[in-house]
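Numbering (this note's numbering), first residue to last: -15 to 49. Written below as structure tokens is the structure these notes are about.
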């Protein structure tokens, strides 16, 4: 399923990548409009650059080790 992102400040929330509460979040939604989760802007841009470079994201993304 394709994922699209709604970019903008959505208020505070917990990033599903780093699990830290941040003041500005990006909502990531599936193409059908259902919410996939929220990323802090730092991790949103990181994930976007990783995807555009064709590199797979680590399977442990968002998990504290």
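All residues carry an ideal CB built from backbone N, CA and C; glycine is no exception.
- Short of 6 Å from the beta carbon of residue 6, and not among the five residues preceding or following it, lie these beta carbons of its own chain, in chain order: -1 and 24.
- Its chain contains -3, 9 and 11 as the residues whose beta carbon lies nearer than 6 Å to that of residue 22, once the 5 sequence neighbours on both sides are disregarded; these appear in chain order.
- When the beta-carbon positions are compared, residue 20 and residue 13 come within less than 7 Å of each other.
- The C-alpha of residue 16 lies about 23 Å from the C-alpha of residue -5.
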